[in-house]
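>
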Amino acid sequence: MNITHLYCSSCERTYDAGRLLNLCVCGKPLMVAYDLERAARTLTRETLSGRVASLWRYREVLPVEDDRNVLSLGEGMTPLIKAERLGAKLGLSNLFIKDEGINPTGSFKARGMAVAISMAKELGVQKLAVPSAGNAAGALAAYAAKAGLPSFIFMPNDTPRANIIECQQTGAHVTLIDGLITDCGKIIAERKEKEGWFDVSTLKEPYRVEGKKTMGYELAEQLNWQLPHVILYPTGGGTGLIGMWKAFDEMEQMGWIGSRRPRMVTVQAEGCAPIVKAFAAGTTAGADVPNAHTVASGLRVPKAVGDFIMLDILRKSGGTALAVTDEELIAAVREIGSAEGIFAAPEGAACLPALKKLLAGGKVDPGESIVLFNTGTGAKYLEAFS
Ligand SMILES: Cc1ncc(COP(=O)(O)O)c(C=O)c1O
Ligand SMILES: [Zn+2]
Numbered sequence: 003m004n005i006t007h008l009y010c011s012s013c014e015r016t017y018d019a020g021r022l023l024n025l026c027v028c029g030k031p032l033m034v035a036y037d038l039e040r041a042a043r044t045l046t047r048e049t050l051s052g053r054v055a056s057l058w059r060y061r062e063v064l065p066v067e068d069d070r071n072v073l074s075l076g077e078g079m080t081p082l083i084k085a086e087r088l089g090a091k092l093g094l095s096n097l098f099i100k101d102e103g104i105n106p107t108g109s110f111k112a113r114g115m116a117v118a119i120s121m122a123k124e125l126g127v128q129k130l131a132v133p134s135a136g137n138a139a140g141a142l143a144a145y146a147a148k149a150g151l152p153s154f155i156f157m158p159n160d161t162p163r164a165n166i167i168e169c170q171q172t173g174a175h176v177t178l179i180d181g182l183i184t185d186c187g188k189i190i191a192e193r194k195e196k197e198g199w200f201d202v203s204t205l206k207e208p209y210r211v212e213g214k215k216t217m218g219y220e221l222a223e224q225l226n227w228q229l230p231h232v233i234l235y236p237t238g239g240g241t242g243l244i245g246m247w248k249a250f251d252e253m254e255q256m257g258w259i260g261s262r263r264p265r266m267v268t269v270q271a272e273g274c275a276p277i278v279k280a281f282a283a284g285t286t287a288g289a290d291v292p293n294a295h296t297v298a299s300g301l302r303v304p305k306a307v308g309d310f311i312m313l314d315i316l317r318k319s320g321g322t323a324l325a326v327t328d329e330e331l332i333a334a335v336r337e338i339g340s341a342e343g344i345f346a347a348p349e350g351a352a353c354l355p356a357l358k359k360l361l362a363g364g365k366v367d368p369g370e371s372i373v374l375f376n377t378g379t380g381a382k383y384l385e386a387f388s
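If you want it as structure tokens, here you go:
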């Protein structure tokens, strides 16, 4: 294993690897550090080609010591699809969609959970718990089943039906709450000690972000080691954004890419846009969102523990943050679907109206390479289309 230690994303503290940890004692997320020189001895751009077609192809820069603890349902290595017809409509020559909807359990949440539950198994966890807007719950339920561990899931009671049913059918203990994901998180925080649950909330343990970072590795590999100019990413807790940024740094340290970075663009829904508001206000913490609402349930995250990390990345990358309305993002599902044959989740579809706003404002050049992240499948949101 190439992990050297864990470090805090905010203060100077470091922690030994191989311990079961949630947040730093200062309350901020912990991140994983690797001996990248050692990793790069066997993990090279050239050796990748013959490897397994899942995120585990990047084994040297992932946690998990013992191969027997690796849980896989085929997560990762999703296609990067050239959106020719949609691109032509918008006057863009290099528009791509990274289609995360074909992951196990139908969303990119499979990446984070595959790695986090593999690590939880390795570190001896007995029971798992998560608050979820829907897709993280489905992914936890599936990987907990694969690990043979019980999972306890707390979701808002208006979570899409498909998410609730898939959790039940993959053996999770599901509790529906009259409230938001943040209320679900509070219940877990209150009960976890007594119940013996390990909390796998976004960024409240260090390994989901390690799974999500593989989106950054894949983008580089699929674009022949030229990162795109712009990445649009539908942001709730922000794990993918934070993970990809970490992946870019790791790849640079291994000599795979240079120092140029994509402009990272956070897309949120108008009914819940704490990062967009904070970005515009120039602050370092997410804004307060009273009454958070949007049909894009994965974007209904009024307070993200990693808000300050996201805001830093958006600013450092020269990117931005914008919000779209529910009407715009729902209309975009059909527009993407009929142009490209991809039935996108409302969260992923939100990237299209956001891109149109960037184009209208002259913020992207038509020749630039642009990647929209479709983070899940629309098939889980049937209520949103009726
Ligand atoms: C389909 C989908 N897209 C985007 C998000 C937001 O992801 P993150 O919390 O990593 O920002 C979620 C989270 O639930 C989701 O389910
Ligand atoms: Zn700290």
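Position one of the sequence shown corresponds to residue 3 (the numbering used here), numbered consecutively onward.
We put the beta carbon where it would ideally sit given N, CA and C, even for glycine.
Source: prediction; values computed, not measured.
With hydrogens ignored, establish whether the beta-carbon of A414 is closer than 6 Å to any heavy atom of ligand 1.
Residue 414 lies beyond the residue range present for the chain, which begins at 3 and ends at 388; the question has no answer from this structure.
> Run the CB neighbour count on I167, radius 10 Å, all protein chains shown included, and call it buried at 16 or more, exposed below.
The residue you call residue 167 lines up with position 165 of the sequence shown. Looking at its Cβ environment, which holds fewer than 16 other Cβ atoms inside 10 Å, I167 is exposed.
> How would you label Q270, buried or exposed, when you count the other beta carbons within 10 angstroms and need 16 or more for buried?
Taking the first residue of the sequence shown as 1, we reach residue 270 at position 268. Per the 10 Å Cβ criterion, buried.
> Indicate whether Y60 and Y235 have their beta-carbon atoms separated by less than 7 Å.
The sequence position of residue 60 within the sequence shown is 58, counting from 1. The sequence position of residue 235 within the sequence shown is 233, counting from 1. Contact flag unset, no.
> Any heavy atom of ligand 2 closer than 6 Å to the CB of K206?
By one-based count along the sequence shown, residue 206 stands at place 204. No, since every heavy atom of ligand 2 falls outside the 6 Å radius drawn around the Cβ of K206.
> Quick one: Cα of K214 to Cα of L73, how far?
As a working mapping, residue 214 is identified with position 212 in the sequence shown. As a working mapping, residue 73 is identified with position 71 in the sequence shown. The straight-line gap from Cα to Cα measures roughly 15 Å.
> Beta carbon of N226: closer than 6 Å to some heavy atom of ligand 1?
For the purposes of this step, residue 226 is identified with residue 224 of the sequence shown, where counting begins at 1. Not so, every heavy atom of ligand 1 lies at least 6 Å from the Cβ.
> Check whether the Cβ of S12 lies closer than 6 Å to any heavy atom of ligand 2, and answer yes or no.
Counting from one through the sequence shown, the residue named residue 12 turns up at place 10. Yes, the Cβ of S12 comes within 6 Å of a heavy atom of ligand 2.
> Rounded to whole angstroms, what's the CA-CA distance from C169 to E62? Just pull it up for me.
Here residue 169 is taken as the residue at index 167 of the sequence shown, counted from 1. Here residue 62 is taken as the residue at index 60 of the sequence shown, counted from 1. Distance between the alpha carbons of C169 and E62: 31 Å.
> Which residues bound the beta strand (DSSP E) around M121?
Start at 1 with the first residue of the sequence shown, and residue 121 comes out as number 119. Run containing M121: none in the beta strand (DSSP E); it sits in the alpha helix (DSSP H), 111-124.
> Would the region 323-330 count as touching the region 201-214 if we require 3 or more Cβ pairs under 8 Å?
They do not touch, by the three-pair rule.
> So is W199 buried or exposed if we call it buried at 16+ other beta carbons inside 10 Å?
If you number the sequence shown from 1, residue 199 lands on position 197. Label assigned to W199: buried.
> Could you check if E349 belongs to the surroundings of ligand 1, using beta carbon to heavy atom distance under 6 Å?
Reading the sequence shown from its first residue, position 347 is the one you call residue 349. Correct: E349 has its Cβ closer than 6 Å to ligand 1.
> Mapping DSSP to helix, strand and coil, what is T216?
Taking the sequence shown and counting its residues from 1, the one referred to as residue 216 is at position 214. Helix.
> Ligand 1 and A135: does the residue's C-beta get closer than 6 Å to at least one heavy atom of that ligand?
Within the sequence shown, numbered from 1, the residue matching residue 135 stands at position 133. Checking the Cβ of A135 against ligand 1 gives yes.
> List in chain order: all unbroken beta strand (DSSP E) runs of 3+ residues lying wholly within the region 154-224.
Listed in chain order, the complete beta strand (DSSP E) runs (minimum 3 residues) inside the region 154-224 are 175-179.
> Can you tell me the Cα-Cα spacing of P368 and I277, whole angstroms?
Working through the sequence shown from its first residue, we reach residue 368 at position 366. Working through the sequence shown from its first residue, we reach residue 277 at position 275. Rounded to the nearest angstrom, the two C-alpha atoms are 26 Å apart.
> Around the Cβ of G245, are there at least 16 other Cβ atoms within 10 angstroms (buried) or fewer (exposed)?
Your numbering for residue 245 matches position 243 in the sequence shown. Result: buried.
> Measure the C-alpha to C-alpha separation of I179 and V303 and round it to an integer number of angstroms.
Working through the sequence shown from its first residue, we reach residue 179 at position 177. Working through the sequence shown from its first residue, we reach residue 303 at position 301. Taking the straight line from one Cα to the other gives about 15 Å.
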